[in-house]
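Protein chains in written order, with the numbering used here: chain U, 1 to 543; chain S, 1 to 161.
Right, one structure below, let's go through it.
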Ligand SMILES: Cc1cc2nc3c(=O)[nH]c(=O)nc-3n(C[C@H](O)[C@H](O)[C@H](O)COP(=O)(O)O)c2cc1C
Ligand code: FES
């Protein structure tokens, strides 16, 4: 049991010293992608080779979370703890490379295994700013000790001992942090209204449903650094006066569920969660709840209905969650990445955080780059970076150097952005202004081989099959929209269809009950705006 | 086999007990049930309804709402193809069509002989490997039509031997 700030700090000191005694850390990426292509076997081989070694520099093999450069996996990162030389990253590692890696790292071979060494001075690494992902790739997600050594739970203990709940909210407000789940609602404001609500019982919920098909930011955070989410939630609970929390995770993410559950157990056992944390009256319990693969359950009111054990139908707002949330009680619901920002904000102060990003969009954002882009993977960049920099510098440009056509942000609720808008800074408002949204962070790059009408139809098909059926505009409208788009794909559309398409989009947007329906036409509206010629080419008489 | 003798029912009951037989335990119980039984047969749904004092219609309604729950048994081998955005952009739709042609089933169904189920999923979070599929437990990325069909055939052949 860790009972005070001082105890936590001295324990962290001790752990850091122990870590520094090993000269070289051999960090094996065990993110979902690397695991899928054999990271486990590589880790075992590295351990076996290391066990046979008796001389040279001391090493330790450590399983870590996602490094981000998934396209080049499996990845092995070598860190010298005495900082005598910088990090080496090995890419596309195969089990048979294990011996050479151990030889080089222990200092009995060459300096490094040249043919699999990844260049680290490329923009992919140098242009990133890691706050949320600061520990990803450096700590073992299953090790509470690793998290504590990296200043984990320090912010929580400091706040409990030296700050009032209002001061915590003030820091979050000063930071300018906005919700990372898509909507961009200021986190400080949301917490404040729940703090002001009068109730015996309040709840904190973390939204780990990550429904956007083609995005994996939240998954990577949950799998790489689960304690960070728990600490963020506990700080929130303290700030608003809640004592119970839930993390709602997609059932398709078994590894995230497993790691979160383990983290909760570890934290409870060490007095970092549970009753009377840090010998204060503050208690906080967290449980994981599994989703069931329904996109609509990412929507706040539907998610709550689902936790209560029902079909995940959304409901009308107001009443807002801050008055009437889980089981009718005031509830804070934030996204995984939003909570992952909280501990660093409290550790360094809101003003520190506010120095990153732009006037209205502060801090950093994690993006999942995929599609026809060279460096597919996970990146964290300061807000305000242009889409061009993100795609061409950080992302390394288009695969096979084909021509860029569009980038899709915001998933099924977002839009397609054409080449002439690429210099736009990434901000909530600017993306909205051109018909897309920030969304949760999925960035899908498309080249000349993609048909925009078919892409729009893909997203509409998604919304059609994910519509919960509660309201007519969404349930029936998305089917009609799909049928209309099929006409364009099959080159059978007429002028009437084109006019109908535009009307239908507006009708669905204006009259649907929840965000799913309201935003479902976005991919159509944006492609219709920027790529109208492709729709025209899908018409009967003009084809 | 009845609910009394089959220990799998006990496992489902354990989840319900942990959550105090509250009605909100329904979804967690269904998850446990699917894990131990492989799919949700009627008898299991009835068992859960009775233990949680819920109408059977409610349990059935929830089980059919969420895509994750299966009400039919799966084939002996399972190929889950990702049809998320990144995989779609890289041709997952064509792969799915090829699979459906080759095995004569639609996504979500099992072949008549019960050998193979073809399922689709929305993003495994391995988008860098797109297009991706999971064959039984093995993930394979950078697929094309031929490679996917072949991987399914291989999976079925292996069990015949
Ligand atoms: C159809 C639909 C799906 C959504 N899916 C998610 C999701 O998967 N993850 C998420 O964090 N937010 C999702 N949201 C947004 C949530 O409703 C909510 O605004 C968000 O979780 C609040 O957290 P934040 O303020 O930290 O962003 C979705 C919204 C809609 C309308
Ligand atoms: S879209 Fe297929 S793994 Fe993400």
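All residues carry an ideal CB built from backbone N, CA and C; glycine is no exception.
All values derive from a computational prediction rather than experimental measurement.
{"Item": "Where residue 28 of chain S meets chain U, residues with beta-carbon distance less than 9 Å", "Value": "289, 290 and 309"}
{"Item": "Residue 62 of chain S: contacting residues in chain U (beta-carbon distance under 8 Å)", "Value": "309, 310 and 311"}
{"Item": "The region 58–78 of chain U contacting the region 133–147 of chain U, beta-carbon criterion three pairs below 8 Å", "Value": "yes"}
{"Item": "Supposed contact pair residue 86 of chain S and residue 127 of chain S - C-beta distance, whole angstroms, cut 8 Å", "Value": "4 Å"}
{"Item": "Within-9 Å CB hit, residue 225 of chain U to chain S", "Value": "no"}
{"Item": "Nearest neighbour of residue 244 of chain U, chosen from U:235, U:250 and U:252 [CA to CA]", "Value": "U:235"}
{"Item": "Where residue 117 of chain U falls: helix, strand or coil (DSSP)", "Value": "strand"}
{"Item": "Classification of residue 67 of chain U by the beta-carbon crowding that lies within 10 angstroms, buried from 16 upward", "Value": "buried"}
{"Item": "Residues of its chain near residue 345 of chain U, where Cβ-Cβ distance is below 7 Å and the 5 sequence neighbours each way are ignored", "Value": "171, 172, 175, 177 and 353"}
{"Item": "Short-range partners of chain U found in the region 76–105 of chain S, where Cβ spacing is below 7 Å", "Value": "84, 85, 86, 88 and 89"}
{"Item": "Nearest neighbour of residue 466 of chain U, chosen from S:36, S:40 and S:121 [CA to CA]", "Value": "S:121"}
{"Item": "Proximal residues, the region 118–132 of chain S versus chain U, C-beta separation under 9 Å", "Value": "121, 122, 123, 124, 125, 126, 127, 128, 129, 130 and 132"}
{"Item": "When S:75, S:43, S:62 and S:6 are compared against residue 115 of chain S, the one with the closest alpha-carbon", "Value": "S:75"}
{"Item": "Check: residue 306 of chain U C-beta below 8 Å from any heavy atom of ligand 1", "Value": "no"}
{"Item": "Element boundaries [beta strand (DSSP E), containing residue 331 of chain U]", "Value": "331–335"}
{"Item": "C-beta atoms of residue 434 of chain U and residue 408 of chain U nearer than 9 Å", "Value": "no"}
{"Item": "Terminal residues of the beta strand (DSSP E) in which residue 60 of chain U lies", "Value": "59–64"}
{"Item": "Limits of the unbroken alpha helix (DSSP H) element including residue 227 of chain U", "Value": "226–240"}
{"Item": "Distance between residue 8 of chain U and residue 154 of chain U (C-alpha atoms, nearest Å)", "Value": "7 Å"}
{"Item": "Exposed unless 16 or more other CB atoms sit within 10 angstroms - verdict on residue 490 of chain U", "Value": "exposed"}
{"Item": "First and last residue of the uninterrupted alpha helix (DSSP H) at residue 260 of chain U", "Value": "254–269"}
{"Item": "CB contact below 9 Å: residue 23 of chain S versus chain U", "Value": "yes"}
{"Item": "Same chain only: Cβ atoms within 6 Å of residue 95 of chain U, ignoring 5 sequence neighbours per side", "Value": "41, 42 and 45"}
{"Item": "Residue 320 of chain U, DSSP secondary structure in three states", "Value": "coil"}
{"Item": "Complete runs of the alpha helix (DSSP H) confined to the region 68–150 of chain S [at least 4 residues]", "Value": "85–89 and 92–103"}
{"Item": "At least 3 beta-carbon pairs within less than 8 Å: the region 262–276 of chain U vs the region 307–322 of chain U", "Value": "no"}
{"Item": "Residues surrounding ligand 1 [beta-carbon distance to nearest heavy atom under 5 Å]", "Value": "U:179, U:181, U:182, U:183, U:185, U:207, U:209, U:210, U:211, U:298, U:299, U:300, U:334, U:335, U:338, U:515 and U:516"}
{"Item": "First through last residue of the beta strand (DSSP E) which encompasses residue 28 of chain S", "Value": "Per DSSP, residue 28 of chain S belongs to no beta strand (DSSP E); it is in the alpha helix (DSSP H), 26–37."}
{"Item": "Run of the beta strand (DSSP E) containing residue 447 of chain U, from where it starts to where it stops", "Value": "442–447"}
{"Item": "Expected contact under 8 Å - CB spacing of residue 181 of chain U and residue 207 of chain U to nearest Å", "Value": "6 Å"}
{"Item": "Range covered by the alpha helix (DSSP H) that runs through residue 30 of chain U", "Value": "Here residue 30 of chain U belongs to no alpha helix (DSSP H), and DSSP marks it neither H nor E."}
{"Item": "Minimum Cβ-Cβ distance from residue 141 of chain S to chain U less than 9 Å", "Value": "yes"}
{"Item": "Cβ separation of residue 98 of chain U and residue 59 of chain U, assumed to be a contact under 8 Å, to the nearest whole Å", "Value": "About 12 Å separates the two Cβ atoms, so there is no contact after all."}
{"Item": "Beta carbon proximity, residue 39 of chain S to chain U, threshold 9 Å", "Value": "no"}
{"Item": "beta-carbon residue 126 of chain S near ligand 3 non-hydrogen atom, thresh 8 Å", "Value": "Here the bound small molecules are ligand 1 and ligand 2; ligand 3 is not part of this structure."}
{"Item": "Inter-stretch contact (C-beta, 8 Å, three-pair minimum) for the region 270–287 of chain U and the region 185–201 of chain U", "Value": "no"}
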